[in-house]
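Position one of the sequence shown corresponds to residue 1 (my numbering), numbered consecutively onward. Cβ atoms here follow ideal geometry from the backbone N, Cα and C, with glycine treated the same way.
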Amino acid sequence: MPEFVDTHVHFWDHRIEGLHWRYLDPAFDHPRLKGMHRLDAPKFTAVELRSQAGGCPPGRIVHIQSCVERLPGLETAWLQSMADEHGYPDAIVAQAHPADAGIASVIEANAGHRLLRGFRDMLSPGTIETSAFAAGFDLIADAGLSLEVLVPHSKFDAVCALADRRPDATLILGHAGQPVQRDREYFEEWSRGITRVASRPNVVVKISALASGADPDWSIDSIRRWAQHCIDSFGPERAMFGTNWPIDRLFGSYAALVEAYLEITAPLTAKERQALFSTTAARVYGLEARSGA
1 MPEFVDTHVH FWDHRIEGLH WRYLDPAFDH PRLKGMHRLD APKFTAVELR
51 SQAGGCPPGR IVHIQSCVER LPGLETAWLQ SMADEHGYPD AIVAQAHPAD
101 AGIASVIEAN AGHRLLRGFR DMLSPGTIET SAFAAGFDLI ADAGLSLEVL
151 VPHSKFDAVC ALADRRPDAT LILGHAGQPV QRDREYFEEW SRGITRVASR
201 PNVVVKISAL ASGADPDWSI DSIRRWAQHC IDSFGPERAM FGTNWPIDRL
251 FGSYAALVEA YLEITAPLTA KERQALFSTT AARVYGLEAR SGA
């Protein structure tokens, strides 16, 4: 198989002071993802990821923020120290909320860590259309960092507006634009929105969480058209795969998910597949090739 850069992984280690992973608490409730506390263990790092990946281990790993920090930048500092000692992750996407008044201090708190490549905002659906969000996005773009937004198709026009506002900045549409239903009408609305967002050359789509979004009993055929429309709209040069691991472990094995991506992309050329599995991610996140790769 082509080299795989996993663009969406969440690590934790309960020994780290000042960090708390709420989704691992037994009382945590999510509208779709039930029982995430079943994933809990003392830690989840690259060692555990590789043990779960079977015959499809990632060559490089992009860590996406996933915890509550006592102070901004603590998660990034921990991940950077892990990478310095053990070699993983290969890039860090930290937490930030562009609409917050303190966004400048959050950027500053995370700056200086060599693997920082951008921020993700999980509050985007409620704030992405505000002037405060746009101003915060400007600060992130001015710092030369990307922003990953997690929004449903009803907010895709706001993504387009941000992309138009800063054509010099990279926006990442997380989790394939969060498709949370599987009926035909929903697919048509979502797919029209994906096509609109894809018309902005500075937006990249991350194809991930298609199982945890709305399809816990997923199969290759059930996720195929969603992944395929992202690829057809953005092109392999602006689309990349992620696993959302270990969250999507609730819905199957790592190897089964990677093998699904392989089958969906089987009709493509070797270069196109390589883009989806690694080269797009390497460009977006400024990844260096590992020795021997």
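Residue range of the beta strand (DSSP E) that includes residue i
i, result
"Ala266", "No beta strand (DSSP E) contains Ala266, which DSSP labels as neither H nor E."
"Thr7", "5 to 9"
"Leu171", "171 to 173"
"Gln95", "91 to 95"
"Ala239", "239 to 241"
"Glu108", "That residue, Glu108, is in no beta strand (DSSP E); its alpha helix (DSSP H) goes 103 to 110."
"Leu116", "116 to 121"
"Arg60", "60 to 64"
"Leu147", "146 to 149"
"Lys206", "203 to 207"
Other residues of its chain near residue i: CB distance less than 6 Å, five sequence neighbours each side excluded
i, result
"Trp218", "Ala211"
"Pro72", "Val106, Ala109"
"Ala281", "Val5, Thr7, Met240"
"Ser124", "Val149, Leu150, Val151"
"Trp257", "At residue 257 the sequence reads Leu, which differs from the Trp that was named. Thr243."
"Pro236", "Glu272, Ala275, Leu276"
"Val204", "Ile172, Arg238, Val284"
"Phe234", "Ala198, Val205"
Endpoints, alpha helix (DSSP H) assigned at residue i
i, result
"Gln80", "74 to 86"
"Glu188", "184 to 198"
"Ser124", "124 to 127"
"Val159", "156 to 165"
"His229", "220 to 234"
"Leu276", "That residue, Leu276, is in no alpha helix (DSSP H); it is neither H nor E in DSSP."
"Glu301", "Past the edges of the chain, shown from 1 to 293, lies residue 301, and the structure says nothing about it."
"Ser131", "131 to 142"
"Ser212", "210 to 214"
Cβ neighbour criterion (16 or more within 10 Å) applied to residue i
i, result
"Ser81", "exposed"
"Met1", "exposed"
"Arg238", "buried"
"Gly126", "exposed"
"Lys271", "exposed"
"Arg70", "exposed"
"Gly35", "exposed"
"Thr243", "buried"
"Phe11", "buried"
"Ala83", "buried"
"Thr297", "Residue 297 lies beyond the range of the chain shown here (1 to 293); nothing can be said about it."
"Arg273", "buried"
"Pro26", "exposed"
"Pro89", "buried"
"Ser249", "The amino acid occupying residue 249 in the given sequence is Arg; Ser does not appear at that position. Burial call: buried."
"Leu287", "buried"
"Gly102", "exposed"
8 Å CB neighbourhood of residue i in its chain, flanking five on each side removed
i, result
"Arg15", "Pro42, Lys43"
"Ala255", "Ala53, Gly54, Gly55, Cys56"
"Leu145", "Ile107, Leu116, Arg117, Gly118, Phe119"
Contacting residues, own chain, Cβ-Cβ under 7 Å from residue i (five flanking each side not counted)
i, result
"Thr279", "none"
"Ala260", "Ile220, Ile223"
"Gly292", "At Gly292 the pLDDT is 46, less than 50, meaning the model places this residue with poor confidence and gives no usable figure here."
"Ala134", "Leu162, Arg165"
"Phe137", "Pro98, Leu147, Leu162, Arg166"
"Tyr285", "Val62, Ala91, Arg117"
"Gln65", "Glu75, Val93, Ala94, Gln95, Arg120"
Cβ distance (whole Å) where residue i is taken to contact residue j below 8 Å
i, j, result
"Leu33", "Ile247", "7 Å"
"Ser253", "Gly59", "Ser253 to Gly59, Cβ: 19 Å. No contact."
"Val9", "His63", "6 Å"
"Ala176", "Ser208", "7 Å"
"Ala214", "Arg182", "6 Å"
"Ala94", "Phe119", "5 Å"
"His20", "Val68", "5 Å"
"Trp304", "Pro179", "Because the chain is modelled from 1 through 293, residue 304 falls outside the range shown and cannot be assessed."
Three or more C-beta pairs under 8 Å: does that hold for the segment 114 to 132 against the segment 28 to 48? no
Given 8 Å as the limit, is there contact between the segment 157 to 166 and the segment 184 to 197, that is, 3 or more CB pairs closer than that? yes
Counting Cβ pairs closer than 8 Å, one from the segment 127 to 142 and one from the segment 164 to 173, do we hit at least three? yes
Is the segment 223 to 237 in contact with the segment 263 to 277, if contact means three or more CB pairs nearer than 8 Å? yes
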